[in-house]
Amino acid sequence: MAMGRSLFKTVFFSEILQGLRLTMKHLIKGKSITELYPHQKPDLPDGWRGAIVHLRYDDGTEKCVGCALCEAACPSHCITVISAERPDLPQKRIAETYILDMTKCVFCGFCVQACPVTALASSKEYELATTDKRKLVMTKDTMLTLGDKYFPIREKRPEYSDEKINLYEKLKAKNYPYAKKGEA
Amino acid sequence: MAVETPHTTEEKKTLPLLRTEELLLNLGPQHPSTHGVLKVILTLEGEKVVKSEPILGFLHRGVEKIAETVTYNQFIPHTDRLDYVCAMYNNFAYVRAVEKILNISVPERAEYLRTIVAEVQRIIGHLFWLGTQALDIGAMTVFFFTFRDREVLLDLFEELCGARLTTSWYRVGGVERDFTQKFIDDLSRFIESFHTKIEEYDTLLVNNRIWLARTKDIAVISGEDAVAYGLSGSVLRGSGVDYDLRKVSPYGAYDKVEWSVPLGTKGDTYDRYWVRMEELKESTKIIRQCLAQLPEGEYKAYLPQVVAPPKERVFTDMESMIYQFKLYTDGFKVPEGDVYCGTEAHKGELGFYIVSQGGGKPYRLKIRAPSFIHMGAFDFMAKGYMIADVITIFGTYDIVMGECDR
Ligand code: SF4
Ligand code: SF4
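Residue numbers (numbering that gives the first Met the number 0), protein chains in the order written: chain D, 0 to 183; chain Z, 0 to 405.
In structure tokens:
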């Protein structure tokens with residue numbers, strides 16, 4: 000009997016028919032899972048790592064203080080920062096030249112994590128293809144414009160106040176756990 | 000000396016009718032089923048492979064040399080590009096090696112997060128392998144099905160770390176971002192329904208006579224030979240050798256959950272397929288248990304000499320600010336010495352060997368890439384099989400040239 004059944008299966012290609020039934024089921028009942036990309040844009044989650052942009056404070060001044068920490072953190076060496084004193088406020092510094100070479104950027108987000116004043120952010124800009132390679136060398140102005148597009152809500156320019164000291168005390172009280180030494 | 004031509008029919012009969020000789024064939028480097036840019040010089044006798052000589056190095060980018068020029072943290076994005084379909088595993092293996100040489104441990108929650116994501120990556124890797132292997136053999140539908148499910152998981156990675164393939168999510172001393180509630184919900188939903196997907200693949204393959212004919216008794220390697228050639232991962236376990244680093248020297252949360260190591264018997268392509276399908280089921284088991292046990296706590300060790308301090312502290316606390324600057328400009332100091340640390344990636348044992356002379360950059364970094372080691376056994380496994388089987392042998396290793404050539 001068992002042999003008869005296996006012979007039946009062999010002759011009538013039962014496993015192939017089963018497979019065809021499965022694909023037909025998906026063809027008829029299944030819903031489409033593909034996106035018509037250029038017409039239908041993907042829904043990207045927050046925190047997506049796209050092009051790096053510069054941010055501003057609410058009064059329109061740029062956040063960057065020209066410390067060049069992003070330059071040091073970048074694993075592909077694509078950032079160049081030349082800092083200078085601000086002409087109107089000589090005790091403050093600013094990035095006089097800021098160049099980010101998008102052709103080298105690997106979108107790792109290390110610069111964003113390194114920046115001590117959160118002047119950088121990863122935007123959701125991903126359609127960077129262009130016919131002119133020079134357009135991919137971003138300057139601070141282009142990055143600020145992109146930042147205005149993706150991050151319309153700006154942070155308030157901080158003033159040194161008691162609030163900050165309070166926050167520091169709170170954090171200290173939170174007692175961050177220390178990693179144990181001696182086990183790996 | 001003039002060659003005498005045979006005159007009589009009797010003489011003609013004793014001579015071979017056809018002139019036969021071995022044929023040299025270049026397979027690759029632009030062949031679509033070599034999974035990257037790999038060239039193999041095949042010596043053929045008719046359709047049979049007599050000798051095969053893999054030529055590697057078309058995708059060599061000098062990653063090991065780059066490692067000597069960047070700090071330990073900066074090398075993490077470079078590891079993404081080793082095995083570019085499974086970046087999380089490379090990150091994991093690398094940060095584990097650095098943690099070993101630094102002699103630090105990570106918080107318990109981070110261990111669980113790492114284990115869960117590593118297993119998700121294993122599922123992605125096996126799905127990718129199954130799809131391409133079936134595509135190589137000619138079963139195209141499986142490819143669409145596996146990529147449909149892989150896409151769901153890649154979307155989860157996007158939610159988790161902001162990128163689909165170049166993840167850079169692991170950090171020395173923990174991970175970069177914590178799970179969101181959405182991530183946990185979506186992952187649980189996927190895990191609950193994953194067995195129906197596995198049934199679909201089985202419907203298409205398990206009894207399919209073409210699949211069986213192309214995989215059964217093809218590229219057989221015995222357990223002894225597999226060990227001798229240094230194979231690891233599912234290729235080794237397909238030959239029945241019970242060796243899984245997750246069991247042998249447990250890391251992460253693998254020793255806190257129940258799971259088993261599936262083993263093949265014969266060591267042919269079908270057994271390796273079977274082992275990988277079973278591993279998919281084991282991975283879902285591990286993820287389900289880890290999600291249930293997931294402890295509360297920090298996802299990054301607080302160790303400002305090594306791990307970047309939390310951002311809110313950097314804004315408020317001068318000391319953290321200094322650590323932040325020190326860390327990103329010079330990197331952390333690693334004690335003198337050398338260390339080897341192997342991690343069970345889904346392709347096999349992915350090891351990092353680091354030599355440090357003290358200071359913020361490795362003196363030498365060597366990557367033990369499973370794909371590279373597996374290519375060493377290629378000649379042995381391809382010998383005597385048909386030329387069409389060579390393609391399935393590429394597939395059965397689950398080889399990725401980015402990792403092989405580095
Ligand atoms: S995202 Fe990475 S590669 Fe790109 S500029 Fe920032 S640090 Fe450099
Ligand atoms: S973007 Fe941030 S890290 Fe880079 S120079 Fe400006 S302030 Fe410094």
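The C-beta atom is built at its ideal place from N, Cα and C for all residues, glycine as well.
No experiment lies behind these values; they were computed from the predicted model shown.
- The beta carbon of D/L145 does not come within 9 Å of any beta carbon belonging to chain Z, so the residue lies off that interface.
- Assignment of beta-bridge partners to Z/R363 by DSSP yields Z/V354.
- Taking the C-beta atoms as reference points, Z/Y327 is found no nearer than 9 Å to D/A128.
- CA-to-CA, the gap between Z/Y269 and Z/H373 works out to about 17 Å.
- Cβ contact annotation for Z/L23 (same chain, cutoff 8 Å, sequence separation greater than five): I40, L41, T42 and L43, in chain order.
- Our two residues, Z/R275 and Z/P308, have alpha carbons roughly 40 Å apart in a direct line.
- By DSSP's assignment, D/E154 forms a beta bridge with D/Y56.
- In this structure, D/L54 sits away from D/I78, with a CB-CB distance that is not shorter than 9 Å.
- Remark: three or more beta-carbon pairs, one from each stretch, lie closer than 8 Å, so the stretch 218-230 of chain Z and the stretch 373-387 of chain Z are flagged as touching.
- Along the stretch 38-53 of chain D, going in chain order, the ones with a CB nearer than 8 Å to a CB of chain Z are L43, P44, G46, W47 and R48.
- At a cut-off of 9 Å between C-beta atoms, Z/G161 counts as an interface residue with respect to chain D.
- In summary, D/H38 is exposed, with fewer than 16 beta-carbon neighbours lying within 10 Å of its beta-carbon over all protein chains present.
- Taking 9 Å as the threshold, the shortest C-beta distance from D/P86 to chain Z does not fall below it.
- Residue-level contact by beta carbon fails for D/F150 and chain Z, as no gap is shorter than 9 Å.
- DSSP, read as helix, strand or coil, puts D/Y97 in strand.
- For the options Z/I100, Z/I54 and Z/A92, the alpha carbon positioned closest to that of Z/P334 is the one of Z/I100.
- The Cβ of D/E14 sits closer than 9 Å to at least one Cβ of chain Z.
- Within 8 Å of the C-beta of D/V111 there is at least one heavy atom belonging to ligand 1.
- Annotation: Z/K284 to Z/S187 spans about 11 Å, alpha carbon to alpha carbon.
- With contact defined as three or more Cβ pairs closer than 8 Å, the stretch 339-355 of chain Z and the stretch 116-136 of chain D are not in contact.
- Counting only runs of 3+ residues, no beta strand (DSSP E) is found wholly inside the stretch 166-236 of chain Z.
- Taking 9 Å as the CB threshold, Z/R176 lines the interface with chain D.
- Exclusion of Z/S221 from the 8 Å shell around ligand 1 follows from its C-beta lying no nearer than that to any non-hydrogen atom of the ligand.
- For the stretch 92-108 of chain D, the beta-carbon criterion of a distance under 8 Å to any beta-carbon of chain Z is satisfied by V105, F106, C107 and G108.
- In this structure, the straight-line span from the alpha carbon of D/S13 to that of D/L6 is close to 10 Å.
- If you measure from each CB to the nearest heavy atom of ligand 2, the residues under 6 Å come out as D/C63, D/V64, D/G65, D/C66, D/A67, D/L68, D/C69, D/V80, D/A94, D/A113, D/C114, D/V116, D/A118 and D/L119.
- Rounded to the nearest angstrom, the gap between the Cα atoms of Z/A138 and D/V52 is 45 Å.
- Burial check for Z/T114: the Cβ neighbour count within 10 Å reaches 16 or more, so the residue is buried.
- Counting C-beta atoms within 10 angstroms of its own C-beta, D/R156 has fewer than 16 neighbours from the protein chains shown and is therefore classed as exposed.
- For a cut-off of 8 Å, the C-beta gap from Z/R170 to Z/V94 is around 7 Å, short enough to register as a contact.
- For D/P151 and Z/L153, the gap between their C-alpha atoms comes out near 29 Å.
- Using a CB distance cut-off of 9 Å, Z/Y298 does not count as an interface residue toward chain D.
- Within chain Z, the residues placing a beta-carbon under 8 Å from that of D/G18 are T140, T202, L203 and N207, ordered along the chain.
- Interface flag for D/S121 against chain Z is set, since a Cβ pair is found closer than 9 Å.
- Within the same chain, and ignoring the five residues on either side of Z/T145 in sequence, the residues whose Cβ sits closer than 6 Å to its Cβ are L126, L129 and G130.
- Unbroken beta strand (DSSP E) runs of no fewer than 3 residues, entirely contained in the stretch 35-62 of chain Z, are found at 38-44 and 47-54, following chain order.
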